[in-house]
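Protein chains: 2
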Amino acid sequence: MKIGELAKRLDISTDTLRYYEKHGLLSFSERNESGYRIYSPKHEKQMQFILRAKTVGFSLKEIQELLAIKVEKQQHSCGEVKQLTLQKRQIVRDKIAELQRFEKSLSLLADACCGGPELATGCSILTTLEAADDIVI
Amino acid sequence: MKIGELAKRLDISTDTLRYYEKHGLLSFSERNESGYRIYSPKHEKQMQFILRAKTVGFSLKEIQELLAIKVEKQQHSCGEVKQLTLQKRQIVRDKIAELQRFEKSLSLLADACCGGPELATGCSILTTLEAADDIVI
DNA sequence: GTTGACCTTTGAGTTTACTCAAAGGTTTAT
DNA sequence: ATAAACCTTTGAGTAAACTCAAAGGTCAAC
């Protein structure tokens, strides 16, 4: 698959794909006779991983570190790899906990709201919710 | 509380606080006689919300939209506010789902790893894991 | 065989989110 | 009363992550 097709499948630009390759996120692809990049499903999977990591707030540098776990395991001891993995997992767990707080706040707001055609100002439960000072939304 | 103290409590710079105010994220604070910004615990809560939202990958623009739910409820119908809230909650739920996939992948890696002093290359379970093509880490 | 849709590289431009510097006013400690 | 440590504004500078433009090569279709 050429760069245009992969870009379309991932809904990103070809520039972004070349940018990620240049900055060491996406592994180098094969080239055909005329120098075109030829991508495999493995590259697509890798890109999906990168894009998913981005949506949950990892920087490209952090994503590189996540991807590097795989590489490092060839050079480091099992113990070191395990420690790095657990450390990254903790960051992921912390993020999940944050999001669950958001989910709870938004659920409270949604549940409190009658959903009718009246102006939200008049919704007394919402006003009550606003008074609860552990909810900031 | 003056800007320096709030910045210290939040572990960010005073510049960032002024930047957020200027860009409509943090509500305006009171000023004392000499023009210094004076912040309340409410401002601190709002900032904590903003910072939490940032760690889970919301852009400042998206955070503004989250904060705007509160404002909009004075101008829109309960139904509109409810719809916006549910829409934002869905984004949060999607992010949680992504992170849970990461958590699972990292847990599999960690569990598979013996954690001993041997080179990770020799860890056969890791090699097996690498072959599983639905896990990209 | 040439038009249009691809692909290549290099290098410059843009957006987001800060971050710093300058020039000056205020407050606190000695 | 005079440093040091705060605060103010304005405006410029920076890093990350793209995004675009230029100049040119490749390839399928008419």
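Protein sequences appear in the order of chains A and B.
Using this note's numbering, the letters of the first sequence map in sequence onto residues 4 to 140.
Using this note's numbering, the letters of the second sequence map in sequence onto residues 4 to 140.
Built from N, CA and C at the ideal position, the CB exists for glycine as well.
Contact criterion: CB-CB distance below 9 Å. Does residue i meet it with respect to chain A?
i               : result
S32 of chain B  : no
I6 of chain B   : no
G82 of chain B  : yes
E121 of chain B : yes
R12 of chain B  : no
E68 of chain B  : no
K64 of chain B  : no
I15 of chain B  : no
I72 of chain B  : yes
Y23 of chain B  : no
L20 of chain B  : no
G118 of chain B : yes
L89 of chain B  : yes
L29 of chain B  : no
G60 of chain B  : yes
I99 of chain B  : yes
Check this for me: beta carbons of residue i and residue j, under 9 Å apart or not?
i               : j               : result
K85 of chain A  : G118 of chain B : yes
L29 of chain A  : H46 of chain A  : yes
I66 of chain A  : I99 of chain B  : no
L102 of chain B : L54 of chain B  : no
S80 of chain B  : P44 of chain A  : no
D58 of chain A  : D18 of chain B  : Residue identity check: residue 58 of chain A is Thr in the sequence provided, not Asp. Not closer than 9 Å, so no.
G82 of chain B  : F61 of chain A  : no
D75 of chain A  : L87 of chain A  : Just to set this straight, residue 75 of chain A is Glu in the shown sequence, not Asp. Yes, these two residues count as a Cβ contact at 9 Å.
Please go through the same chain and pick out, in chain order, the residues whose beta-carbon is closer than 8 Å to the beta-carbon of residue i, but skip the five residues on each side of it.
i               : result
Y39 of chain A  : K5, I6
D114 of chain B : none
A10 of chain A  : S16, T17, T19, L20
S37 of chain A  : none
Are the C-beta atoms of residue i and some chain B residue less than 9 Å apart?
i               : result
S110 of chain A : yes
R96 of chain A  : yes
L9 of chain A   : no
R92 of chain A  : yes
E106 of chain A : yes
R40 of chain A  : no
Please work out which residues of its chain come closer than 7 Å, Cβ to Cβ, to residue i, disregarding the five sequence neighbours upstream and downstream, and give them in chain order.
i              : result
E8 of chain B  : none
N35 of chain A : I41
S32 of chain A : R40, I41, Y42, H46
A56 of chain A : I66, L69
Q49 of chain B : L29, S30
Q78 of chain B : none
Rounded C-beta distance between residue i and residue j? I'm assuming under 8 Å.
i              : j              : result
V95 of chain A : F52 of chain B : So it is not a contact: roughly 21 Å between Cβ atoms.
Would the beta-carbon of residue i be found less than 8 Å away from any heavy atom of the ligand MN?
i              : result
H46 of chain A : Questions concerning the ligand MN fall outside what the structure shown contains, since it holds no ligand whatsoever.
Once the 5 residues before and after residue i are set aside, which same chain residues still bring their CB inside 6 Å of it?
i              : result
Y23 of chain B : L29
**Q.** Inter-stretch contact at 8 Å, needing at least 3 Cβ pairs: the stretch 65-81 of chain A / the stretch 87-98 of chain B
**A.** no
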